[in-house]
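Have a look at the structure below, then the notes.
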Amino acid sequence: MAHLSNSKDTRIIQGGSITLPCKSCLQGFYASDIVQKTTDNHYFHSRCFNCATCKHPFVLPMEQQTEHNLNSSKPLLVEKVHEVKGLPYCVKCYPAACQNRCSQCTKVIKSSMPFMQMKGNSNMYHPECFVCSNENCNTKLSGGYIIKAGKGYCPSCGAK
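Quick note on the numbering used here: the sequence shown kicks off at 14 and runs consecutively.
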C-alpha cells in the first residue's frame with residue numbers, strides 16, 4: 014500500500030522509499046489525487062495524463078476514477094496508451110513518436126535514409142545537418158570532427 018510522507022508534494026512507495034513526482038508536471042501527489050500509472054511504471058496526475066503530441070486526455074470511466082485514489086495498492090493501468098522515452102502517446106500519435114528525428118532540424122529520419130551519429134551520443138542527424146557547432150562555420154562533419162562539451166566541431170574549430 015502506498016502512503017504519503019510528511020511533505021505535501023511527495024509520494025513514497027512503502028518498502029522502497031522512492032519519491033515519485035508526476036512524469037508530466039514534476040509535482041508530487043496529494044492523498045486526494047487520482048493517479049495514473051503506465052505499464053513502464055511512470056505516474057501521472059489524471060489531469061496531466063495526456064498524449065504528449067496531441068494533448069488528448071486519456072479518460073477513464075468515471076466509476077473507476079471515483080473508486081481509485083492514491084492510497085490504493087494497485088494504481089490503475091490505462092489501455093491504449095503507448096510510452097516512448099517516458100512520455101505517453103495515443104494510438105494515433107504513437108507511430109510518429111517512434112520515428113527517429115534529426116537533432117538539428119527535428120525532421121524525421123526515415124529508416125531508408127542515411128544518417129550520422131556522433132560517437133558516445135545517441136543523437137541522429139541528416140548528413141546535411143551534421144555540421145560544425147561553431148555558428149560561424151557550418152562545415153560538414155562527415156570528414157571528421159572533434160567533440161568538445163558534447164558538441165561536434167570541425168578539426169579547425171575544434172583545435173581552437
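The beta-carbon is built from N, C-alpha and C at its ideal position, and this holds for glycine as well.
Residue i - DSSP class collapsed to helix/strand/coil
i, result
"His81", "Summary for His81: the model assigns pLDDT 49, below 50, so the residue's position carries little reliability; its value from the coordinates is reported in the next sentence. It is coil, neither helix nor strand."
"Glu96", "strand"
"Tyr158", "coil"
"Pro70", "strand"
"Tyr138", "strand"
"Tyr107", "helix"
"Pro101", "strand"
"Cys115", "strand"
"Gly41", "coil"
"Lys173", "coil"
"Lys123", "coil"
"Lys153", "strand"
For residue j and residue i, the rounded distance between their alpha carbons
i, j, result
"Asn19", "Ala44", "Caution is warranted here: a pLDDT of 30 is assigned to Asn19, below 50, making its placement in the model unreliable, and the coordinate value is therefore given only provisionally. If you take the alpha carbons of Asn19 and Ala44, they lie about 12 Å apart."
"Val121", "Cys111", "10 Å"
"Cys35", "Gly41", "6 Å"
"Glu141", "Gly99", "29 Å"
"Lys173", "Gly133", "22 Å"
"Lys105", "Phe71", "13 Å"
"Lys181", "Lys123", "The structure shown does not extend to residue 181, since the chain spans only 14 to 173, so no value can be given for it."
"His69", "Val94", "11 Å"
"Cys118", "Ala162", "20 Å"
CB of residue i within 8 Å of CB of residue j, strictly
i, j, result
"Cys64", "Cys38", "no"
"Leu154", "Cys170", "no"
"Met126", "Ile160", "no"
"Gly165", "Cys150", "no"
"Asn147", "Ser116", "no"
"His58", "Asp46", "yes"
"Tyr102", "Thr66", "yes"
Those residues which DSSP pairs with residue i across a bridge
i, result
"Arg60", "DSSP, once it has assigned bridges, lists no residue as partnering Arg60."
"Met129", "Tyr138"
"Gly165", "Ile160"
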